[in-house]
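Numbering (the working numbering), first residue to last: 1 to 289. In what follows, a single structure is set out as structure tokens and then discussed.
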Amino acid sequence: MSTLRFGKREVRQDRALVMAIVNRTRDSFYDRGATFAEDAALAAVDRVVAEGADIVDIGGVRAGSHGEVVDVDEEIRRVVPFVAAVRERHPRLVISVDTWRHEVGRLVCEAGADLLNDTWAGADPRLAEVAAEFGVGIVCSHTGGLAPRTDPHRVRYADVVADVVEEVTRQAERMVRLGVPREGVLIDPTHDFGKNTWHSLELLRRLDELVATGWPVLMALSNKDFVGETLDAEVGERVDGTLAATAVAAWAGAKVFRAHNVRQTRHVVEMVGSIAGTRPPARVLRAMA
1 MSTLRFGKRE VRQDRALVMA IVNRTRDSFY DRGATFAEDA ALAAVDRVVA
51 EGADIVDIGG VRAGSHGEVV DVDEEIRRVV PFVAAVRERH PRLVISVDTW
101 RHEVGRLVCE AGADLLNDTW AGADPRLAEV AAEFGVGIVC SHTGGLAPRT
151 DPHRVRYADV VADVVEEVTR QAERMVRLGV PREGVLIDPT HDFGKNTWHS
201 LELLRRLDEL VATGWPVLMA LSNKDFVGET LDAEVGERVD GTLAATAVAA
251 WAGAKVFRAH NVRQTRHVVE MVGSIAGTRP PARVLRAMA
């Protein structure tokens with residue numbers, strides 16, 4: 001595996017990484033606000049770290065268009081003091097913040113964040129400048145041109161994979177030109193954003209084409225609509241489908257998985273790593289006596 005480093009924090013190389021999701025929102029599609037309160041969110045961070053998360057991704061705004069209106073000041077109130085508290089509590093943890101706003105990005109970097117997860121494809125170009133200034137990592141995503149917090153409608157691509165590859169690699173090269181450390185740049189095909197279920201399945205099927213770019217691939221598959229539509233499963237019934245997609249993507253070479261179900265995801269990527277030969281088994285006793 002190529003070296004990954006976010007800010008000053010180099011990460012393990014024997015398997016794909018697990019990025020746990022902790023949202024400071026009242027209206028998250030998955031947890032419905034279970035970690036909005038600071039004490040609940042801190043307890044969630046402690047839990048996912050104990051379950052083996054390599055990165056914790058902190059968000060203050062729901063992605064969808066139907067969510068609560070959250071302006072810059074409110075997003076700052078939700079995430080900046082929380083990042084500082086997590087940094088004090090977990091000094092070696094890689095902290096990511098899910099934001100597209102440069103004002104938020106600057107303050108969370110000052111508070112100790114290592115990675116900016118820009119899920120809206122550079123909608124605020126100044127966010128990249130912040131990443132370069134602080135030497136932190138950044139995620140380059142693909143939304144098909146959607147503005148932040150808007151939903152796709154009858155979107156069409158001549159070739160969705162080619163479109164994603166062109167967009168995210170162009171962004172990644174721009175990041176490095178600006179001064180973002182190359183080893184901290186991730187590319188994300190961004191399932192469901194600007195895409196229908198056919199598009200998202202195609203991106204999984206042809207993930208080798210993204211891996212072949214040489215940029216490390218982040219996959220945000222967890223409990224998403226494309227899994228639900230594929231299996232006719234409601235939000236609470238999508239874990240099996242998510243883990244199946246995770247195994248396929250890990251075998252294809254994806255480097256980071258953004259996940260709600262941390263322990264299960266870690267087990268999947270560890271098993272794939274051991275099958276691939278990059279990670280030794282935790283113990284070997286059978287037939288060894």
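Just so you know, even glycine gets a beta-carbon here, dropped at the ideal spot from N, CA and C. Note that the structure is a prediction, hence the values are computed from the model and not measured.
Collapsing the DSSP output to three states places M288 in coil.
For D188, the beta-bridge partners assigned by DSSP are S141. Measuring C-alpha to C-alpha distances from W215 to each of I58, E166, G236, T99 identifies E166 as the nearest. Taking 9 Å as the cut-off, the Cβ atoms of D14 and N23 do not count as close. I138 is the residue among W198, D114, I138 whose C-alpha sits nearest the C-alpha of P125. Pairing F82 with E129, the inter-Cα distance amounts to about 23 Å. For the pair A84 and V45, the CB atoms are not nearer than the 9 Å cut-off. If the five residues before and after R101 are omitted, its C-beta is found closer than 8 Å to the C-beta atoms of V72, E75, D124, L127, all from its own chain and listed in chain order. Here V49 is not near D98, since their CB atoms are 9 Å or more apart. Per DSSP, G59 lies in no alpha helix (DSSP H); the unbroken beta strand (DSSP E) holding it starts and ends at 55 to 59.
Taking each of E237, G253, H260 in turn and checking the Cα distance to T278, the smallest one comes out for G253. Rounded to whole angstroms, the Cβ separation of R263 and E51 is 4 Å, and the two are in contact under 8 Å.
Per DSSP, reduced to three states, the secondary structure at E237 is helical.
For a cut-off of 8 Å, the C-beta gap from I55 to V94 is around 4 Å, short enough to register as a contact.
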